Every structure is written in C-alpha cells, then in structure tokens.
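*Asks:*
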Amino acid sequence: MAFIEKGQEIDIEAIKAETQLSAEALRLKERRDRELADIISGEDDRILLVIGPCSSDNEEAVLEYACRLSALQKKVADKIFMVMRVYTAKPRTNGDGYKGLVHQPDTSKAPSLINGLQAVRQLHYRVITETGLTTADEMLYPSNLVLVDDLVSYHAVGARSVEDQEHRFVASGIDAPVGMKNPTSGNLGVMFNGIYAAQNKQTFLFHGQEVETSGNPLAHVILRGAVNEYGKNEPNFYYETLLNAIERYETMGLENPFILIDTNHDNSGKQYMEQIRVVRKTLQNRDWNEKIKKIVRGFMIESYLADGRQNQPEVFGCSITDPCLGWENTEALVEEIYATLTK
Numbered sequence: 021m022a023f024i025e026k027g028q029e030i031d032i033e034a035i036k037a038e039t040q041l042s043a044e045a046l047r048l049k050e051r052r053d054r055e056l057a058d059i060i061s062g063e064d065d066r067i068l069l070v071i072g073p074c075s076s077d078n079e080e081a082v083l084e085y086a087c088r089l090s091a092l093q094k095k096v097a098d099k100i101f102m103v104m105r106v107y108t109a110k111p112r113t114n115g116d117g118y119k120g121l122v123h124q125p126d127t128s129k130a131p132s133l134i135n136g137l138q139a140v141r142q143l144h145y146r147v148i149t150e151t152g153l154t155t156a157d158e159m160l161y162p163s164n165l166v167l168v169d170d171l172v173s174y175h176a177v178g179a180r181s182v183e184d185q186e187h188r189f190v191a192s193g194i195d196a197p198v199g200m201k202n203p204t205s206g207n208l209g210v211m212f213n214g215i216y217a218a219q220n221k222q223t224f225l226f227h228g229q230e231v232e233t234s235g236n237p238l239a240h241v242i243l244r245g246a247v248n249e250y251g252k253n254e255p256n257f258y259y260e261t262l263l264n265a266i267e268r269y270e271t272m273g274l275e276n277p278f279i280l281i282d283t284n285h286d287n288s289g290k291q292y293m294e295q296i297r298v299v300r301k302t303l304q305n306r307d308w309n310e311k312i313k314k315i316v317r318g319f320m321i322e323s324y325l326a327d328g329r330q331n332q333p334e335v336f337g338c339s340i341t342d343p344c345l346g347w348e349n350t351e352a353l354v355e356e357i358y359a360t361l362t363k
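For reference, each letter of the sequence shown is one residue, going 21 to 363 in my numbering.
Written out as structure tokens, the structure is:
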C-alpha cells in the first residue's frame, strides 16, 4: 500500500497559458455567462439546456457535435439557452471502465494524465472559440478546478459527490452556476444540504492554503432520479416530487430557486429514448402549475451524433459510456421544446 509518483511534475499554469481566450472570445464568454446567471436567478425566463455527450471521448466528434449544436442554438435563442456538456472526467461505480478524457485522452492508448489535462483545456477552448458556445463539466475532482476555472461556465456536482464536504465547500467559491444532483439514494435532504453549504461562506484548506469563500448564490438543484434498495429505478421528475423540492427551497430560504431535470440516468432508466418522454412530461407539469413553471426551467440531456452506446469506439460520435440520443432525435426534441414554448 503506497502512493507511487509517476512521470514529471505537472505545471497547471503552463498548460493554461497554451489556451488563453482572446479578448473577443472572452467578451463572448462573459456575455453568455451573464445570460446564464440571469436565467438561474429568474431575470431571464428562457429554458436552460445543458446538453451534449455523456462523455467527451473523441475531440473531433465532440467538435462536430458542437458545430451542429451552435447552429441549432441560433434558431431557438429567443426561448432556449444552451450550454454544451463537455464532460471530461467520469465517476465509476466500482472504479473500473473509461474514466474520461482527463485520464485517457486517446482511447486507443494507455491512460496519461499529463496529456489528459492538456486535452481537457484544448477541448473546452476549441468549443468556445470555434463555435461560440460555452461549456459545462462535472467537478469530479475539486483539485482540478484551477485547470478550467477560466473556461467552464457551468459546473455539476454528481450524485456520488454531492455529500462530500470538499465538493460543497469548493462549490461555494466558484464564480459560476453549480448544479448539485440528488444522490443515487434519492434523498433530497442530502442535496439541499449541499446547496445550503454551497450558497454560504466557507473556510477550508485548498491547494495547501487556508481560503475563505463568499458563497455561491447560483448553486441549485439537479433531479436525476434514484435507485432503491432493490436496484429499481425511481424517477423524480414527477409532479409531486417537483412540488416537494420547491417546498424545501422555500422552507430553507435558499437563494435563486431553480430546478434542472436530468432526463437520463435514473429518470430514464438509462433508456436514452425515454429522455423525450421525460421532457414532454416536465413541460406538461409546467403548464399545470405556476410554481413549477417559475422554478423548473432547465433540462440536462445526454446527446451525441449517433444514437445509443458502444463498448469500443468504433462508430464516430457514439457514446462509450451511457447511451445518448443521436443528432436527429436531439434536433427534433429541441425543436419540439421550442414549439411548445412558443404556443
């Protein structure tokens, strides 16, 4: 049992220096970041879509997807605001399997973290500068935040991390929205305690220094479904659950109540086409209740170029982790959301 140092020391600042946004790209990102903050705070009533591949396994496939998504964003911009999922680190239930671009930037080669860190920066940078979209990523490793804090516009804390104190405290210092998922157990109290911690000031050790945060008023709910003790999926996008979550927001006095529905994972039972039904049902619930309409204003959708998933990266733009909607189904779903909102 030991930690064994591998390879050279990694200089994060040197890696960041290679992919600095130009003044023009920075202005674009800052504008879109303000729009995103306004949506979560309720000043802008557009629907937020955090949308894209389950995992960013192939740079060129992700860029092809991003170009298509950017064109679609322009068509629906008056009703829908999209942030692209560029997820570069993947939590694994038992530690096995593909762990994301940060671990393995080339799926045909052995893992390489130093190359992975460079690939993560490069991909977020290219999506922003080549398509005009801004990006979302999961904060799986809080210590890696410094690698992308100037590029990523939306951070997610996953179901397996939401109860972790370091994730909560680091989220409290991020100058960007942080979506916090309910744990796999479905316990909403755990998630709301995480949001409370993230919205308040915290003092802790980070990168070897004592730091104090100001609190993050844009920390908010992501409902992703649950798994019960018998291994059965229990969706939590239903009407009663939404009202329960809204009531907890009110009881706890949290800022900027905002709920985003994760349409895949245990809300779909990882049946990727079920994401369409989850969206439709949620839009229907919004029509039925003004509180739901006011607070449930976003979807997280797993989508890529090709439908489904594959075990090996053989089909260009097909997920090697969770199954995703392909592009044709994605485009049709976004257009359906837009049509519903314009009625």
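All C-beta atoms in this analysis are idealised placements derived from N, C-alpha and C, irrespective of residue type, glycine included. None of these values were measured; they are calculated from a predicted model.
#1: Use the C-beta contact count for Ile315: other C-beta atoms within 10 angstroms, 16 or more gives buried, fewer gives exposed.
#2: Are the segment 316-336 and the segment 78-97 touching by the rule of at least three beta carbon pairs closer than 8 Å?
#3: For Ile340, name the three-state secondary structure that DSSP assigns.
#4: How many angstroms separate the CA atom of Leu69 from the CA atom of His285?
#5: Per DSSP, which residues does Gly193 bridge with? Please list them.
#6: Considering only their Cβ atoms, is the gap separating Ala45 from Val106 smaller than 9 Å?
#7: Would you mind giving the Cβ-Cβ distance between Gln219 and Leu274, rounded to the nearest angstrom? I have them listed as a contact below 8 Å.
#8: If you draw a straight line from the alpha carbon of Asp282 to that of Gly136, how long is it in whole angstroms?
#9: Kindly confirm or deny that the segment 332-343 and the segment 284-298 touch, where touching means at least three C-beta pairs closer than 8 Å.
#10: Give the DSSP-derived three-state secondary structure of Thr113 in the structure shown.
#11: Look at the alpha carbon of Gly346 and the alpha carbon of Ala196, and state the distance between them as a whole number of angstroms.
#12: Going by DSSP, name the residue or residues bridged to Lys201.
#13: Helix or strand or just coil, what does DSSP make of Pro272?
#14: Does the separation of the CB atoms of Met200 and Ala239 fall below 9 Å?
#15: Looking at Asp307 and the ligand HEM, is the gap between the Cβ and the nearest heavy atom below 8 Å?
#16: Going along the chain, which unbroken runs of the beta strand (DSSP E) with 3 or more residues stay wholly within the segment 280-356?
#17: In three-state DSSP terms, what is His175?
#18: Comparing alpha-carbon positions, which option in Ile67, Tyr118, Thr204 lies nearest Val96?
#19: Near Thr362, what residues of its chain come up, given a Cβ to Cβ distance below 7 Å and the 5 sequence neighbours on each side ignored?
#20: Does the segment 296-303 come within contact of the segment 226-236, defined as at least 3 CB pairs closer than 8 Å?
#21: I'd like to know whether the C-beta atoms of Glu158 and Lys119 end up nearer to each other than 9 Å.
#22: To the nearest whole angstrom, what separates the beta carbons of Asn309 and Asp327, a pair I think is in contact under 8 Å?
#23: Between Ala139 and Pro125, which are expected to be in contact by the criterion C-beta below 8 Å, what is the C-beta distance as a whole number of angstroms?
#24: I need the boundaries of the alpha helix (DSSP H) containing Asp157, first residue and last residue.
#25: Would you call the segment 168-179 in contact with the segment 201-212, where contact means no fewer than 3 C-beta pairs closer than 8 Å?
*Replies:* From the atom records:
#1: Here Ile315 is buried. Its C-beta has 16 or more other C-beta atoms within 10 Å.
#2: With the cut-off at 8 Å, the segment 316-336 and the segment 78-97 touch.
#3: For Ile340, the three-state secondary structure derived from DSSP is coil.
#4: Distance between Leu69 and His285, taken at the CA atoms: about 16 Å.
#5: Assignment of beta-bridge partners to Gly193 by DSSP yields no partner.
#6: For Val106 and Ala45, no; Cβs fall outside 9 Å.
#7: With a Cβ gap of about 6 Å, Gln219 and Leu274 count as contacting.
#8: Straight-line Cα distance between these residues: approximately 27 Å.
#9: A contact exists between the segment 332-343 and the segment 284-298.
#10: In this structure, Thr113 counts as coil in the three-state DSSP scheme.
#11: One C-alpha to the other measures close to 29 Å.
#12: Per DSSP, the beta-bridge partners of Lys201 are Ile242.
#13: For clarity, residue 272 is Met in the given sequence; the question names Pro instead. Assignment of Met272 by DSSP, reduced to helix, strand and coil, places it in the helix class.
#14: Contact flag set, yes.
#15: Questions concerning the ligand HEM fall outside what the structure shown contains, since it holds no ligand whatsoever.
#16: List check, beta strand (DSSP E) in window: 316-322.
#17: DSSP, reduced to helix, strand and coil, places His175 within a strand of the structure shown.
#18: Comparing Cα positions, the closest option is Ile67.
#19: Cβ within range, chain order: Lys99.
#20: The segment 296-303, when compared against the segment 226-236, does not touch it at the 8 Å Cβ threshold.
#21: Cβ distance not < 9 Å, so Glu158 and Lys119 don't count as in contact.
#22: The Cβ separation is near 33 Å, so there is no contact.
#23: At roughly 4 Å, the Cβ-Cβ gap stays under 8 Å, so Ala139 and Pro125 are in contact.
#24: Asp157 -> not in any alpha helix (DSSP H); beta strand (DSSP E) instead, spanning 155-158.
#25: Three or more beta-carbon pairs drawn from the segment 168-179 and the segment 201-212 are found closer than 8 Å, and the two stretches are therefore classed as touching.
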